[in-house]
Amino acid sequence: MTSVELLHWARGPGLQISVAIFVLGMVFRVAQNYFIGRDKNLAEPRGTQFGPGMQTIVRRSFFHPGMNYRGYFTLIAGYAFHLGFLITLFFFSQHIDLFRGILGFGWPALPASVIELSAVVGIAGLVAVMVHRIFDPVRRFLSDFQDYFTWLVTLLPLATGYMLIHRIGLPFTEMLALHILSFELLLVVAPFTKLSHMVTIFTSRWYNGAIAGYKGVQS
Amino acid sequence: MAELSEFPIEVHEAASAPASTQNVVPLLHEIRHALTKLLQSDESTTIDLLSIPMTDADLQALEEALGNGEIDTTITALGTSRIRETRYPGVWLIEHYNVADSLMAKFIEVTRLPEILKADPRDIDAGLQRLSEQLSNNEPDETD
Amino acid sequence: MPKDLTLGEHLRRQGISRRGFLKFCAATASMMAMPPGMIPVVAAALEKARRPSVVYLSFQECTGCLESLTRSHSPSVEGLIFDAISLDYQHTLQACAGHFAEHIREEIIKQHPGEYLVLVDGSIPLKDGGQYSTIAGMTNLAILEETAAHAAAVISIGTCASFGGIPKAHPNPTGAVPVTDIVKNKPVINVPGCPPIPTVITGVLAHYLTFGTIPELDDFGRPLAFYGDTIHDRCYRRPFYDQGKFAKTFDDEGARKGWCLFELGCKGPTTYNACATTKWNQGTSFPIESGHPCLGCSEPDFWDAGSFYEALSAPAADVSKWAGAAIAAGAVAGAGIGLKSMRKRKEAAQAHDPVTVDDLKT
Ligand code: SF4
Ligand code: SF4
Chain A
153 MTSVELLHWA RGPGLQISVA IFVLGMVFRV AQNYFIGRDK NLAEPRGTQF GPGMQTIVRR
213 SFFHPGMNYR GYFTLIAGYA FHLGFLITLF FFSQHIDLFR GILGFGWPAL PASVIELSAV
273 VGIAGLVAVM VHRIFDPVRR FLSDFQDYFT WLVTLLPLAT GYMLIHRIGL PFTEMLALHI
333 LSFELLLVVA PFTKLSHMVT IFTSRWYNGA IAGYKGVQS
Chain B
27 MAELSEFPIE VHEAASAPAS TQNVVPLLHE IRHALTKLLQ SDESTTIDLL SIPMTDADLQ
87 ALEEALGNGE IDTTITALGT SRIRETRYPG VWLIEHYNVA DSLMAKFIEV TRLPEILKAD
147 PRDIDAGLQR LSEQLSNNEP DETD
Chain C
114 MPKDLTLGEH LRRQGISRRG FLKFCAATAS MMAMPPGMIP VVAAALEKAR RPSVVYLSFQ
174 ECTGCLESLT RSHSPSVEGL IFDAISLDYQ HTLQACAGHF AEHIREEIIK QHPGEYLVLV
234 DGSIPLKDGG QYSTIAGMTN LAILEETAAH AAAVISIGTC ASFGGIPKAH PNPTGAVPVT
294 DIVKNKPVIN VPGCPPIPTV ITGVLAHYLT FGTIPELDDF GRPLAFYGDT IHDRCYRRPF
354 YDQGKFAKTF DDEGARKGWC LFELGCKGPT TYNACATTKW NQGTSFPIES GHPCLGCSEP
414 DFWDAGSFYE ALSAPAADVS KWAGAAIAAG AVAGAGIGLK SMRKRKEAAQ AHDPVTVDDL
474 KT
């Protein structure tokens, strides 16, 4: 297979297959969660569920003082990675072209210099948590294959994208093909690993908030 | 069907000329280097200006920097060629045009005399024959 | 014109002086993208070069490549390259037709085995015995096999001959293939482009003429001297790409300011060709200078690489349909399995014997 064929495959069938697996897997997870149902709560409701559920989804994305028990390092590196990754994914103008191609609509992009920064921050955050994981004996003990694998699968799109823009390593055609393929790998792997938290985190947060709302307490 | 002139055509100001490629100053340094080499070891250098990415503005800046020297000649062979010595003796600007008068090649030569100006023995020989023929054609009357 | 003359002798006979010849060599070297230090070498080689016979075969093509090539055949130095070869067979250009024409081709094969050059434009249909394109009752395949068997080298002119091009585009009704699928035991040089830049065609011919060798090629058989950089590598709009300034439509502010055309579908970053440096129409400009994105015409399967006007980062196929189907399938499967486990749980609860005080007594 030549580099050109590889790129054509990645932009065509590869993308169709990986998006389909990702969407199917994620919808499956959420639908399954929903239909499994919960036991009927016999207590008198003291508040609503929907509003507090949604609130919790939003609120738990922000830092609040009680969070520092995990140690500031994990906190900062974690935020850095997630923000860097998401900004790069959703606000790089060439990624918006991709979303427009799939969703039918786009949104304004951030300037290239901001994306450059977010990508670097994202990569740095990922590397930092891995260093921490390897050198901290407890964390190392608790890590299994999936932890390392999902880390790599998350790093690859960021790293190949950075190399593509800065023309490090391979020529544009090959590098673009690798970059797209690495993202497709992430899509395929996500529903079946702990990476599925990118969607299921919202379901579980909603339930948390909803339960609290039902009881009439602040979540 | 609508006539061409019926189409509304808006003319916007053309995009400003591409900015300078910053290639002029390094080129002048290269020429300086070539001149030193010419003086010290009688070695000539040729630079192909069309192979260096330069905008029209760059080329103009380069020509202005080099200026005009004492020699400005034109060769007529397969279209014209213009050969100029610049303000710096030994630095020549050579432009080759084809018969249709479009530029085909543009060089800077750093040399005492561009090779192409010298007469070639084969051409001299052909010329010599032509001259001799002409003389012998004119002479018969007198020798008879 | 006698063929046993060297090129130098031939040009002198035409009254071209040494100065004219040196000028020709300088322009040729510049055209071949050679360092000027090579000019004396080029001159020495061209002086002694013999004029090769050239057979130009046209298969499934649109004659655009020949149009491009003949545009370079102005009375110029490039034109001299054409004097420097002996174009003996080209059925669009030659005066004779029918059996006469075919006879010439056969004669060349017989008289100059191993010496003549074959130029091909167009792809070769293989489906149904190759009957979709025939000349004088012979299939393109048969003509190519017969002619290439005794050639010195084959040069594929244009994307169709090099990679199959438009005839090979999906669904490829004629089973078209490029020259390299058929000619295996001869050197083949690919000069793709739809059409190729005339100067590049003549530059490749000049290289062969000068050195009698095949120039250095890339993985796709393209001469590195002309196809060594991408359009994007040499594009004057590149600074805008790097700054992330893109034209979004053909007449927005960005388009007027000359910003990068990536989002309008420019394939420059993945396209190897000389347009950005050599340019078109006697060096006037190239498509991006006129505000149009590069189509990627010198790359394999450029016709099937998604829309010309979709960004390289956008999907090249319909992904939304697949995603929609996946949502439905995922929801159904998730609901099914979810409901099933819910039922199981209920059944388990029902099957459960409540613990009574009696049970505890025993
Ligand atoms: S216009 Fe095309 S070739 Fe030029 S910089 Fe933009 S993407 Fe690259
Ligand atoms: S700019 Fe691109 S599409 Fe246009 S001729 Fe050049 S390589 Fe082909």
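Chains as they are written, first to last, in the working numbering: chain A, 153 to 371; chain B, 27 to 170; chain C, 114 to 475.
Glycine included, each C-beta is placed from N, C-alpha and C at the ideal position.
- Collapsing the DSSP output to three states places R126/C in a helix.
- Taking the Cα of K434/C as reference, the smallest distance to any Cα among L316/A, G256/A, M153/A is reached at G256/A.
- The closest heavy atom of ligand 1 lies 7 Å or more from the beta carbon of L408/C.
- Around the Cβ of V51/B, a 10 Å sphere holds fewer than 16 other Cβ atoms; the residue is exposed.
- Spatial neighbours of T391/C in its own chain (CB-CB distance under 7 Å, excluding positions within 5 residues in sequence) are listed in chain order as I310, T312, V313.
- Beta-carbon to beta-carbon, G334/C and I302/C are separated by about 6 Å, close enough to satisfy the 8 Å threshold.
- W435/C belongs to the set of residues whose beta carbon lies under 8 Å from a beta carbon in chain A.
- Exclusion of the five residues before and after C410/C leaves T272, G306, C307 as the residues of its chain whose Cβ lies within less than 7 Å of its Cβ.
- Look at the stretch 272–292 of chain C: it has no residue with a C-beta under 8 Å from a C-beta of chain B.
- Among the residues of chain C, those whose CB is under 9 Å from the CB of L328/A are P382, T383, L425, S426, following chain order.
- Taking CB atoms only, A87/B has no neighbour in chain C less than 8 Å away.
- The Cβ neighbour count for P286/C, taken over all protein chains shown within 10 Å, is under 16; the residue is labelled exposed.
- At a cut-off of 8 Å between beta carbons, I401/C makes no contact with chain A.
- Here the distance from the Cβ of I310/C to the nearest heavy atom of ligand 1 is not below 7 Å.
- Three or more beta-carbon pairs separated by less than 8 Å link the stretch 370–380 of chain C to the stretch 415–434 of chain C, which places the two stretches in contact.
- Following the DSSP letters along the chain, one finds Q244/C in no alpha helix (DSSP H), marked with neither H nor E.
- At least one beta carbon of chain C lies nearer than 8 Å to the beta carbon of S245/A.
- Assigned with DSSP and collapsed to three states, R350/C falls in coil, not helix or strand.
- For I295/C, there is no enclosing beta strand (DSSP E), as DSSP marks it with neither H nor E.
- Distances from the alpha-carbon of T205/C to those of G177/C, E228/C, E220/C, P226/C put G177/C closest.
- Note that the stretch 224–234 of chain A does not touch the stretch 201–210 of chain A; fewer than 3 beta-carbon pairs, one per stretch, sit closer than 8 Å.
- For M455/C, at least one C-beta of chain A is nearer than 8 Å to its own C-beta.
- Put simply, the backbone Cα of N386/C is about 13 Å away from that of V317/C.
- In terms of Cα proximity to T106/B, the closest of A87/B, L139/B, I120/B is I120/B.
- A distance of 8 Å or more separates the beta carbons of M144/C and A389/C.
- Using a cutoff of 7 Å, the CB of P413/C does not count as near ligand 2, since none of the ligand's heavy atoms is closer than that.
- Only residues of its own chain outside the window of five on either side were considered, and among them E329, D331 have a CB closer than 6 Å to the CB of L337/C, listed in chain order.
- By the rule that beta-carbons nearer than 8 Å mark a contact, P165/A touches chain C.
- The alpha helix (DSSP H) runs lying completely inside the stretch 77–107 of chain B and spanning 4 residues or more are 82–92, given in chain order.
- Judged by beta-carbon spacing, W393/C lies beyond the 8 Å limit of I279/C, meaning their Cβ atoms are not closer than that value.
- Close to A140/C, with beta-carbon spacing below 7 Å, are these residues of chain B in chain order: H122, M130, A131.
- Your pair G95/B and R113/B checks out as a contact, with CB atoms roughly 5 Å apart and the cut at 8 Å.
- Look at S269/C here: in three-state DSSP terms it is strand.
- For the C-beta of V182/A, the chain C residues within less than 9 Å are, from N- to C-terminus, G443, A444, G447.
- Distances from the alpha-carbon of A229/A to those of P197/A, Y366/A, M153/A, V279/A put V279/A closest.
- If you look at I209/A, you'll find it isn't in any beta strand (DSSP E); it sits in the alpha helix (DSSP H) that goes 202–211.
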